[in-house]
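**Q** Residue 492, in our numbering, is where the sequence shown stops; the numbers in between run on with no holes.
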Amino acid sequence: MATDSEYDVAVIGGGPGGYVAAIRAGQLGLKACVIEKEALGGVCLNWGCIPSKALLKNAEVVSYVQRADQFGLSFDNFHADYTVAVKRSRQVVDRMTRGVAFLLRKNNVEHIPGTARIAAANAIDVADSDGQTTRVRARNVIIATGARPRSIPPLPVDGQRIITSRESIVADDVPGSIAIIGGGAIGVEFAYIYRMYGADVTIIELLPRIVPNEDEEISQQLERAFTRHGINMQTGAGVTAAQPDATGVTLTIEKDGASETARFDKVLVAIGVQPNTENLGLETVGVATNRGYITIDDRMATNVPGIYAVGDVTGKLALAHVAFAQGVTAVEAIAGEETQPLDYTFMPRATYCHPQVASFGLTEAQAREQGYDVKIGRFNVQASGKAVAMGENDGLVKLVIDANYGELLGGHMCGPEVTELLAELQMTHLLEGTTLELGWAVHAHPSVAEMVHEAALDAEGRALHM
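1. Compute the distance between the beta-carbons of P179 and G209, then report whether it is under 9 Å.
2. If we count Cβ pairs, one from each stretch, closer than 8 Å, do we get three or more for the stretch 480-491 versus the stretch 423-443?
3. If the criterion is Cβ atoms closer than 9 Å, does the pair S194 and F216 meet it?
4. Where Y45 and E286 are concerned, what is the direct C-alpha to C-alpha distance, given to the nearest angstrom?
5. Quick one, are the C-beta atoms of V577 and W73 less than 9 Å apart?
6. So, with DSSP's three-state summary, where would you put S191?
7. Return the first residue and the last residue of the alpha helix (DSSP H) that Y334 is part of.
8. Measure how close the beta-carbons of S78 and E240 come, nearest whole angstrom, since I'm counting them as under 8 Å.
9. Under 9 Å between the Cβ atoms of A493 and V152?
10. Whose C-alpha, out of G332, Q269, E309, V311, is nearest the C-alpha of V35?
11. Report yes if the CB atom of G40 is closer than 9 Å to the CB atom of N302, and no otherwise.
12. Return the residue from the list Q300, D324, R325, N305 that minimises the CA-CA distance to R500.
13. Give the range of the alpha helix (DSSP H) segment to which A351 is assigned.
14. Near K57, which residues of its chain fall below 7 Å by C-beta distance, leaving aside the five closest residues on each side in sequence?
15. Note down the Cα distance separating I322 from V330, rounded to an integer number of angstroms.
16. Taking the beta strand (DSSP E) that F252 belongs to, which residues open and close that run?
17. Taking only the alpha-carbon atoms, compute the straight-line gap between A94 and Q408 and give it to the nearest angstrom.
18. Is C59 helix, strand or coil by DSSP?
19. Any contact between the stretch 351-365 and the stretch 181-193? By contact I mean 3 or more CB pairs, one from each, below 8 Å.
20. Using only CA atoms, which one of A314, E249, L425, R221 lies nearest to L82?
21. Checking 9 Å against the spacing of the C-beta atoms, do R375 and L345 come in under that value?
22. What is the DSSP secondary structure of A149, counted as helix, strand or coil?
23. Enumerate in chain order the residues of its own chain whose CB-to-CB distance from V75 is below 6 Å, with the five nearest sequence positions on each side excluded.
24. Less than 7 Å between C-beta atoms, sequence neighbours within five positions excluded: which residues of the same chain meet that for R394?
25. Given D282, which residues of its chain have a CB within under 8 Å of its CB, disregarding the five upstream and five downstream residues?
26. Measuring straight from C-alpha to C-alpha, what distance separates V162 and E136?
27. State the DSSP-derived secondary structure class of G465, mapped to helix, strand or coil.
28. Would you say the stretch 439-449 touches the stretch 262-274, given that touching needs at least three Cβ pairs under 8 Å?
29. Terminal residues of the continuous alpha helix (DSSP H) containing I219?
30. Can you look up H438 in the DSSP assignment and give me helix, strand or coil?
31. When the Cα atoms are used, what is the spatial distance from G224 to G202?
32. What number of angstroms, rounded off, separates the C-alpha of G437 from the C-alpha of R114?
33. Tell me which same chain residues have a C-beta within less than 7 Å of the C-beta of G172, skipping the five on either side of it?
34. Pull the bridge partners of V227 from the DSSP assignment, please.
35. Short of 8 Å in beta carbon distance, which residues of its chain neighbour Q396, apart from the five on each side in sequence? Order them along the chain.
36. For the alpha helix (DSSP H) containing N72, name the first residue and the last one.
Set out below in structure tokens:
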């Protein structure tokens, strides 16, 4: 077995948390390496966040063509080629992965291809594609191995008829009909993409509404928009059996105690993720886990000195920007820098279907359950001059506020480009601003950002355009 030189930080996994941790380590003058068995950028860059946004942009363009008459445009023999959309998304991925590789080189971070297994608190065995093993020694180890799509017994994924987002993101065919199991962010994004390209789409969600983690009013807004898109939704329903064959899948769906069968060309399973903690050697050094996720403290440290964990593998929030923040925190803790605990409740959450969904903080129901005296500020998208000029009429901006102090407890939005509005709300919360101050801030007109301004004014009983 070959032995490599010792590093200050060895990162297992080159996804968002891992490569950002390594870059930050390089910036702080630490000798760092990233061990990645598949592709730099991880699931997010290669099979998740980035390619899906490219496909969503294509779908949005198609949606405008489908209602081109509103803009005085007409087409003969229009054809939307999904294979080109997928090809473009892969080109975007290629460009971004090369960018990550450049950033690692720029910051003197070594990229070690291979599969890692922890041999001791300061030693990692890395097996390359030829089966050769190299021992990497490091004073500190950061585990950033991420997560993979979760599956359940009634829906055995075969990669052909029953698929996950991993297969769906690279498939260049549009099924005639598809059932999407799970109405969370991944489910609704793919539902929009497939529907815009002509598929008959049905979302099956076990909970009473789609995007169930969002504020109830936001879920209702998205459901109405999806209904107008022609997307079928079965909520409060679960799949108890799936029978794939050469031409499709027959699902048994249970709702309100009754069962029925329905047939689809494909089934996309989008019911969450499970951590990649198997075969890592965690048991060798005694790293504590809970339901498979690695247990960490506010510094991202595990119970084993010198071993840290970041990203989806921690089970905090399966979001790339959370992994970014955790990666930076872990390395700064290693370097002896002052760190601040991350508040996962107030992390931004963004879903890029059309209309977009964006939120942070407490929903109205959560705020009331926690005993806050709550007041609400709302603004309807259809009252926004910019939104209407864009041809967008669906959505709502809703602010959840502590009535006693004007503190922003949560922001929940559905509408055009609302994911770009999260930063203003987050900064207001970070600086302990109130809705009164948010209402004082002059916003450019016309802009979609005015919707946040008007919702803040509404909370104070001063809304001007609604």
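Cβ coordinates follow ideal geometry from the N, Cα and C atoms, glycine included. Remember, predicted model here, so these are calculated numbers, not experimental data.
**A** By the coordinates alone:
1. Not in contact: P179 and G209 (Cβ atoms no closer than 9 Å).
2. yes
3. yes
4. Between Y45 and E286, the C-alpha separation is close to 47 Å.
5. Not covered by the structure: residue 577. The range shown for the chain is 27 to 492.
6. helix
7. If you look at Y334, you'll find it isn't in any alpha helix (DSSP H); it sits in the beta strand (DSSP E) that goes 333-335.
8. That belief does not hold up - the Cβ atoms of S78 and E240 are roughly 18 Å apart, past 8 Å.
9. Nothing can be reported for residue 493, as the shown portion of the chain is limited to 27 through 492.
10. G332
11. no
12. Outside the displayed span of the chain (27 to 492) sits residue 500, for which this structure offers no information.
13. 346-360
14. Y33, D34
15. 10 Å
16. Per DSSP, F252 belongs to no beta strand (DSSP E); it is in the alpha helix (DSSP H), 242-255.
17. 20 Å
18. It is a strand residue.
19. no
20. R221
21. yes
22. strand
23. At residue 75 the sequence reads Cys, which differs from the Val that was named. Counting only Cβ-Cβ distances below 6 Å, and skipping sequence neighbours, we find A346.
24. V400
25. The beta carbon of D282 is closer than 8 Å to those of G262 in its chain, skipping five residues each way along the sequence.
26. 12 Å
27. Reduced to three states, the DSSP call for G465 is helix.
28. no
29. 211-222
30. strand
31. Between G224 and G202, the C-alpha separation is close to 7 Å.
32. 33 Å
33. G39, G41, G68, V69, N302, G337, D338, V339
34. Paired residues: I204.
35. L388
36. 68-73
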